[in-house]
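Throughout the sequence shown, residue numbering follows the working numbering, covering 14 to 218 in sequence.
The structure appears below as structure tokens.
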Amino acid sequence: MATKTTGRLLVTALVIGAGVYFTPKAVDAVGSIISDLTGATDAVIVGEAPATLMIAAETQPQVTVCATQTIVNEKRCGDMRVLIVDASRIPFIARNTKLAWESGHPAVLTMNRAKQDANRGKACQNFRRTYGGQCDEYPMASTDEGGAGARAEEVPARENQCQGGLYVSQYPPNGERFLVVISNPDHVAPGPFTGTEVARDQGTC
């Protein structure tokens with residue numbers, strides 16, 4: 014009786030082939046093929062501690078050509094500037110970033126400070142401070158991709174205030190595209206903010 018080759022069998026064959034024949038870079042390439050075949054949109058983990066990163070699945074082929082330690086140290090991957098969201102300091106903002114990626118928002122954004130106030134108003138216009146927190150939006154208001162349709166979620170006031178100091182030195186000039194990644198992904202908040210801080214590092218940002 015004839016048999017039919019399924020996508021699952023093809024993926025399995027690719028993984029086995031990668032493990033036997035391919036170099037690490039080739040394995041990364043196979044990983045991107047698997048994402049294409051399965052339609053994966055989840056955030057994925059790359060690298061090893063202490064430079065483990067969470068990235069949007071769509072950026073995996075782009076990011077895996079760079080060493081994660083280099084990304085953390087230099088905040089660059091090739092010619093692209095990288096903005097690092099530190100989940101040990103701002104775990105609820107990291108959560109909102111991750112969920113925004115998984116709902117289809119891009120991880121590569123374009124800087125546009127001129128839109129910041131208008132975009133924030135559009136993104137947070139229906140926001141409710143149920144637990145006394147503040148509105149976090151992704152994509153960020155200071156980007157072309159921000160504004161109406163951005164994913165907005167309540168986060169602790171400390172995180173929102175800390176975010177500005179963490180991001181400002183990482184932001185590129187207006188008009189430049191940059192990549193967003195999450196460091197310390199094991200500290201991404203497991204659920205929405207309900208009034209209790211969960212950050213490992215609540216010190217000065």
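Beta carbons: idealized from backbone N, C-alpha and C, even for Gly.
These figures come from a predicted structure and were not determined experimentally.
Of the residues the options, the one placed nearest residue i, counting alpha carbons only
i, options, result
"residue 185", "201, 74, 156", "156"
"residue 134", "65, 172, 162, 174", "162"
"residue 80", "69, 71, 65", "65"
"residue 150", "129, 143, 144", "129"
"residue 142", "169, 127, 126", "169"
"residue 115", "147, 71, 127, 61", "71"
"residue 216", "137, 90, 172, 136", "172"
"residue 61", "181, 82, 146", "82"
"residue 88", "182, 198, 187, 188", "182"
"residue 187", "75, 90, 55, 127", "127"
"residue 145", "197, 207, 154, 138", "207"
"residue 154", "140, 139, 138, 125", "125"
"residue 189", "75, 140, 92", "92"
Beta-carbon gap between residue i and residue j smaller than 9 Å
i, j, result
"residue 167", "residue 205", "yes"
"residue 158", "residue 123", "yes"
"residue 160", "residue 120", "no"
"residue 85", "residue 73", "no"
"residue 96", "residue 193", "yes"
Proximal residues to residue i (C-beta, below 6 Å), its chain only, five neighbours per side dropped
i, result
"residue 200", "100, 101, 104, 213"
"residue 94", "185, 191"
"residue 113", "151, 164"
"residue 75", "none"
"residue 140", "148, 165"
Other residues of its chain near residue i: CB distance less than 7 Å, five sequence neighbours each side excluded
i, result
"residue 218", "102, 175, 178, 179"
"residue 195", "66, 67, 98, 100, 107, 110, 111, 201"
"residue 197", "99, 100, 101"
"residue 55", "70, 115"
Per DSSP, cross-strand counterpart(s) of residue i
i, result
"residue 150", "165"
"residue 193", "96"
"residue 179", "For residue 179, which the question treats as bridged, DSSP gives no partner whatsoever."
"residue 66", "59, 196"
"residue 122", "191"
"residue 156", "124"
Close beta carbons around residue i, own chain, < 8 Å, minus the five adjacent residues each side
i, result
"residue 118", "151, 152, 158, 163, 164"
"residue 38", "Residue placement at residue 38 is flagged as unreliable, the pLDDT there being 39, under the threshold of 50; a coordinate-derived value is accordingly withheld."
"residue 137", "148, 150, 165"
If you scan the segment 77-106 from start to end, which runs of the alpha helix (DSSP H) of 4 or more residues do you find wholly inside it? 81-87
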